[in-house]
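What follows is a set of notes on a single structure, which appears directly below.
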Amino acid sequence: MKSELQKWLNIASFIIVIVMNSLVATTNLIGGKTTAQVSDAYPTLVTPAGYVFSIWSVIYVLLGVFVIAQTLPRDGARVFREKIGWLFILSCVLNVVWLFLWQFELLPASVIIMFLLLATITSIYT
C-alpha cells in the first residue's frame, strides 16, 4: 500500500511541477511577472542566454519517463521507487516553493530553497 501511495504521489507531484513551471514561464499570474522577467531584473555575469533554458524541456521529459517507469508493474520499478523513497516528492515540493519565492522576488529565501533542492537531488543520485 505504501508503494502504491508513493506511486500516485509521484505522479501528482510531477503534474503539479509541470503545471506550475508552465504557469510562471508563460504568464504573470504568480507575482505579476514571468520567470524570465524576474531573471532579467537581476542580471548576473553567469546568467545564461535565454535559449539555454530549453534544456528544461529535456529534463522534464526525462522526469516524465521516470514517473511512467515507476508505475509499471515490475519488481524493478518498485525497487527503484523505494530506493528514491520520498525524495522525488520532496524535490517537487521544493521546486514549487522555489517558484513562489522567485516570482515574489524573495531572493535570499529562494537561494536557501535552491540549496535544499540541490541536497535532495544529490541524495537521490547517491
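For the sequence shown, the numbering used here begins at 61 and goes up steadily by one. From the three backbone atoms N, C-alpha and C, an ideal C-beta is built for every residue, glycine too.
List the endpoints of the continuous alpha helix (DSSP H) containing residue i.
i	result
Asn88	Premise fails: Asn88 is in no alpha helix (DSSP H) and is neither H nor E.
Ser114	No alpha helix (DSSP H) contains Ser114, which DSSP labels as neither H nor E.
Gln97	95-101
Ala109	Element bounds for Ala109: n/a, residue is neither H nor E.
Pro168	167-185
Trp162	147-163
Between the Cα of residue i and those of the options, spot the shortest distance and give me the residue it belongs to.
i	options	result
Val67	Glu142, Asn81, Ile78	The displayed chain sequence assigns Lys, not Val, to residue 67. Measuring from the Cα of Lys67, the nearest candidate turns out to be Glu142.
Glu64	Phe160, Leu167, Gln130	Gln130
Asn155	Thr180, Leu89, Asp135	Thr180
Thr186	Leu161, Leu147, Val112, Cys152	Leu147
Tyr120	Phe140, Tyr102, Ser73	Ser73
Leu161	Thr95, Pro133, Ile149	Thr95
Ser151	Ala85, Leu177, Ile78	Leu177
Leu167	Pro103, Thr182, Val79, Val153	Pro103
Taking its Cβ as the centre, do 16 or more other Cβ atoms sit within 10 Å of residue i, making it buried, or is it exposed?
i	result
Ser82	exposed
Ser117	exposed
Ser114	exposed
Met61	With a pLDDT of only 49 at Met61, under the threshold of 50, the placement of this residue in the model should not be trusted; the figure read from the coordinates follows. Result: exposed.
Ile75	exposed
Ile128	exposed
Gln97	exposed
Leu159	buried
Val84	buried
Roughly how many whole angstroms lie between the Cα atoms of residue i and residue j?
i	j	result
Leu69	Val125	15 angstroms
Ile144	Ile184	6 angstroms
Gly92	Val112	24 angstroms
Leu132	Val77	21 angstroms
Val189	Ala101	Only positions 61 to 186 of the chain appear in the structure, and residue 189 is not among them; the question remains open.
Under the criterion of a Cβ to heavy atom distance below 6 angstroms, does residue i qualify as lining the ligand ATP?
i	result
Leu161	In the structure on display, the ligand ATP does not appear, and there are no ligands present to speak of.
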